[in-house]
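In this note's numbering, the protein residues as written are 72 to 365.
For glycine and all other residues, C-beta sits at the position ideal for the given N, C-alpha and C.
Okay, so here's the structure we're looking at.
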């Protein structure tokens with residue numbers, strides 16, 4: 072997971088985001104595709120009557136057809152139903168990781184950037200210590216210490232994601248406290264909490280949103296890697312990484328669809344979130360205003 076460079080506070084008058092989207096067709100299309108994929112996975116039970124865990128031994132290893140658009144696996148389970156269920160698991164877990172990391176990282180950054188001293192030293196040391204470990208390795212250790220599953224994976228990946236938020240937002244908090252309007256507000260006797268939440272925190276929101284987009288894609292990919300290693304979602308829970316693990320043995324015998332469709336969904340989700348994060352960062356000028364799309 073990588074940190075996104077801090078963006079200075081936006082001035083009061085910036086172009087509306089809605090009109091900007093109308094000018095940037097690429098970002099609009101990417102957001103629409105990601106929203107469609109998320110809605111497809113979330114509304115899966117309403118759109119498709121098949122259940123992801125229903126076993127039908129008379130329909131084992133069927134190729135994609137009208138009844139089973141993505142075929143069936145070695146126990147006759149509908150791959151499309153499992154694809155939708157696996158997408159819900161991956162998307163919701165990725166969103167949870169991004170949100171938990173954002174909340175914890177923002178709180179740590181506000182405390183470290185405003186209080187300085189030993190508080191700043193403590194959080195800086197803690198974040199640097201966590202970042203010494205690769206995300207997958209830390210998540211694997213937590214999954215093995217607890218019980219392998221989605222919950223343990225989310226805890227491990229959230230623990231590794233919050234330092235990226237903290238390091239990025241901490242620098243922005245310190246920069247804001249050096250601005251004249253913050254110093255003037257403090258000199259006039261404003262309560263420190265009012266300065267922090269009224270004048271500092273609102274400027275962190277755009278940075279958090281960009282960081283969440285990057286963390287979301289990395290989290291979904293890392294969760295799939297843990298599922299592939301057997302430390303993520305446990306059978307019969309459907310998850311894209313776990314489905315790829317189950318289907319890899321059938322590639323050599325021609326049943327490519329068992330692992331192929333979950334792999335494609337994973338590729339599309341991660342690619343779209345990466346494109347959105349990169350494009351959103353590119354279209355912000357140094358002052359944080361939306362600029363004219365190329």
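Per-residue DSSP class, three states only, for residue i
i           : result
residue 149 : strand
residue 143 : strand
residue 262 : coil
residue 243 : helix
residue 312 : helix
residue 224 : helix
residue 282 : helix
residue 303 : coil
residue 172 : helix
residue 249 : coil
residue 82  : Confidence at residue 82 is low in this model, with a pLDDT of 41, below 50, so the placement of that residue is unreliable and no value is reported for it.
Contacting residues, own chain, Cβ-Cβ under 8 Å from residue i (five flanking each side not counted)
i           : result
residue 365 : Note that residue 365 has pLDDT 40, beneath the 50 cutoff, so the model's placement of it is unreliable and no number is given.
residue 315 : 295, 298, 299, 330, 333, 334 and 337
residue 219 : 301, 302, 303 and 305
residue 167 : 225 and 229
Pair within 8 Å by beta-carbon distance, residue i and residue j
i           : j           : result
residue 244 : residue 253 : no
residue 229 : residue 172 : yes
residue 309 : residue 153 : yes
residue 383 : residue 213 : The question about residue 383 has no answer, for the chain in this structure spans 72 to 365.
residue 328 : residue 135 : yes
residue 210 : residue 283 : no
residue 101 : residue 346 : yes
residue 291 : residue 341 : yes
Cβ shell of residue i (< 7 Å), same chain only, five flanking positions each side left out
i           : result
residue 87  : In this predicted model, residue 87 has a pLDDT of only 47, less than 50, meaning its place in the structure is not dependable; the value taken from the coordinates is given anyway. Here the set comprises nothing.
residue 119 : 151, 152 and 155
residue 241 : 180, 183 and 184
residue 281 : 75, 348, 351 and 352
residue 293 : 206, 207, 210 and 228
residue 247 : 80, 253, 271 and 274
Exposure of residue i, with buried meaning 16 or more beta-carbon neighbours within 10 Å
i           : result
residue 238 : buried
residue 262 : exposed
residue 307 : exposed
residue 203 : exposed
residue 128 : exposed
residue 260 : exposed
residue 232 : buried
Neighbourhood of residue i by C-beta distance below 6 Å, restricted to the same chain and skipping five residues each side
i           : result
residue 191 : 183
Inset, instruction - Kindly provide the ranges of any alpha helix (DSSP H) runs that are 4 or more residues long and lie completely inside the region 85 to 141, ordered along the chain. - result: 88 to 94, 96 to 113 and 115 to 118
Inset, instruction - Return the chain-ordered ranges of every alpha helix (DSSP H) run that is complete within the region 187 to 220 and spans a minimum of 4 residues. - result: 188 to 202 and 206 to 216
Inset, instruction - List in chain order: all unbroken alpha helix (DSSP H) runs of 4+ residues lying wholly within the region 317 to 357. - result: 328 to 353
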